[in-house]
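A short worksheet on the structure shown next.
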Amino acid sequence: MCAGNEVTVGRTRVRLIQGDITKQATDAIVNAANPSLMGGGGVDGAIHRAGGPAILQECRQIVSRIGRLDTGKAVITTGGNLRARRVIHTVGPVWHGGNRGEAELLASAYRESLKLASNHGLKSIAFPSISTGAYGYPMAGAAKVALEAVITFLRSESTSLEEVVFVLYDAKAYQAYSAELAGFMS
Ligand code: AR6
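Encoded structure:
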């Protein structure tokens with residue numbers, strides 16, 4: 008079923024909103040991190056600022072256990088002071104022109120985040136538009152990969168998730184995802 012900015016896949020609602028992901032009250036929010044997991048700019052910086060030091064502390068413990076996080080993988084920490092209880096940190100690909108496996112790595116970042124959320128029994132998750140800021144992935148292409156990855160996952164895996172929200176920061180991102188969602192369902 009599709010109505011404008013949302014679609015239902017199995018028992019899970021996929022929704023698009025424009026806003027700030029740090030304000031979301033979903034069970035988890037996803038961070039577009041880098042392999043160091045030590046914070047950065049963009050949405051990563053905003054999440055660490057809003058969530059406080061407990062997030063970075065847990066990231067340090069993870070890095071001391073597993074080392075740097077590979078592109079396309081995901082790990083989970085506390086949400087610290089955020090409304091969301093958990094943060095799922097994933098690393099999207101840097102855009103190099105499209106011939107270096109960027110689409111598959113971006114799809115993997117979404118898939119691994121969804122798997123982790125399901126394994127923790129979470130009911131709701133919010134994603135930013137991974138890789139489309141500092142990492143330079145073109146917005147329309149990223150929107151297509153993101154929606155395709157999420158919808159394919161929800162069609163093929165059993166999941167605890169009842170809601171997946173894309174929190175798009177500006178009108179350009181929101182419009183790109185809306186256009187792709189419409190194309191997807193037609
Ligand atoms: N809520 C939702 N979306 C946001 C917010 C927010 N508060 N702030 C920015 N965005 P980016 P990347 C959007 O650069 O491209 C960091 O330094 C933004 O408009 O945050 O995956 C990391 O440490 C854009 O559309 O992530 C890495 O080094 C999207 O989030 C690197 O940047 C992603 O932009 C990761 O780059």
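Residues in the sequence shown are numbered consecutively from 8, following my numbering. Just so you know, even glycine gets a beta-carbon here, dropped at the ideal spot from N, CA and C. Being a predicted model, the structure only gives us computed values, none of them experimental.
Could you check what DSSP says for residue i in three-state terms: helix, strand or coil?
{"i": "N126", "result": "helix"}
{"i": "S136", "result": "coil"}
{"i": "T19", "result": "strand"}
{"i": "A81", "result": "strand"}
{"i": "R107", "result": "coil"}
{"i": "V101", "result": "coil"}
{"i": "R56", "result": "helix"}
{"i": "T159", "result": "helix"}
{"i": "L76", "result": "coil"}
{"i": "G86", "result": "coil"}
{"i": "G143", "result": "coil"}
{"i": "L188", "result": "helix"}
{"i": "A32", "result": "coil"}
{"i": "A150", "result": "helix"}
{"i": "A116", "result": "helix"}
{"i": "A91", "result": "coil"}
Going by beta-carbon coordinates alone, are residue i and residue j separated by less than 7 Å?
{"i": "I36", "j": "V94", "result": "yes"}
{"i": "S131", "j": "T33", "result": "yes"}
{"i": "S138", "j": "P100", "result": "yes"}
{"i": "V21", "j": "A39", "result": "no"}
{"i": "E169", "j": "T19", "result": "yes"}
{"i": "S136", "j": "A180", "result": "yes"}
{"i": "A183", "j": "M146", "result": "yes"}
{"i": "V172", "j": "A133", "result": "yes"}
{"i": "G128", "j": "S167", "result": "yes"}
For residue i, list the residues DSSP reports as bridge partners.
{"i": "N38", "result": "H96"}
{"i": "S165", "result": "S165 is not bridged to any residue."}
{"i": "Q182", "result": "None, per the DSSP bridge assignment."}
{"i": "L44", "result": "None; L44 has no bridge partner."}
{"i": "F173", "result": "L23, F134"}
Assuming the contact rule is C-beta atoms closer than 8 Å, residue i and residue j should be a hit. Round their C-beta distance to whole Å, please.
{"i": "R162", "j": "V14", "result": "The pair is not a contact, with the Cβ atoms about 11 Å apart (cut-off 8 Å)."}
{"i": "G86", "j": "G58", "result": "6 Å"}
{"i": "G46", "j": "L63", "result": "6 Å"}
{"i": "T29", "j": "I54", "result": "6 Å"}
{"i": "R90", "j": "P42", "result": "No, R90 and P42 are not in contact; Cβ-Cβ is about 27 Å, not under 8 Å."}
Leaving out the 5 sequence neighbours to the left and right, which residues in its chain are closer than 7 Å to residue i when beta-carbon positions are compared?
{"i": "G48", "result": "A141"}
{"i": "G26", "result": "V174"}
Take residue i and list the residues in its own chain whose beta-carbon comes closer than 6 Å to its own, dropping the five residues that flank it on each side.
{"i": "V70", "result": "L44"}
{"i": "R118", "result": "A156, F160"}
Leaving out five residues on either side along the sequence, give the residues of the same chain with a beta carbon under 8 Å from the beta carbon of residue i.
{"i": "N88", "result": "A57, G58, G59, A61"}
{"i": "N12", "result": "R22, L23, I24, S185, L188"}
{"i": "H103", "result": "E109"}
{"i": "I158", "result": "V14, V16, V21, F191"}
{"i": "L92", "result": "Note that residue 92 is Arg in the sequence shown here, rather than Leu. Closer than 8 Å at Cβ, skipping near neighbours: D34, A35, T85, G86."}
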